[in-house]
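Residue numbers (my numbering): 4 to 90. Ideal Cβ positions, reconstructed from N, Cα and C, are used throughout, including at glycine. Only one structure is covered here, and it is reproduced in the block below.
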């Protein structure tokens, strides 16, 4: 279980870091760092890892990382779309 959660955590952190890095604006500055947004991505990654463990869906390290990263990206995008429609 710990293995899947750690891989999910790594996937969430990777998604959060790359999301921040893609915020580079044309003037060469990044948007202000938002720890809340960063933390949400990390928590989604941990949740993906936990769900992988609970459902028994475990893969070798590289494959588990890519699987988790893909799910984190999908869940984050769906979450943002839903939140934007509500608010």
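In terms of Cα proximity to residue 43, the closest of 61, 22, 28, 57 is 22. Residue 32 sits in coil when the DSSP states are folded into three classes, being neither helix nor strand.
Annotation for residue 27: no alpha helix (DSSP H) segment contains it, and DSSP assigns it neither H nor E.
Taking every protein chain shown into account, the CB of residue 79 has 16 or more other CB atoms within 10 angstroms, so this residue is buried. In the three-state scheme derived from DSSP, where H, G and I count as helix and E and B as strand, residue 6 is classed as helix. Leaving aside the five residues that flank residue 74 on each side, the residues in its chain whose CB is nearer than 6 angstroms to its CB run, in chain order, 51.
Contact check for residue 48 and residue 14: beta-carbon distance about 5 angstroms, within the 8 angstroms limit, so the pair qualifies.
Residue 41 carries a helical assignment under DSSP once its states are collapsed to helix, strand and coil.
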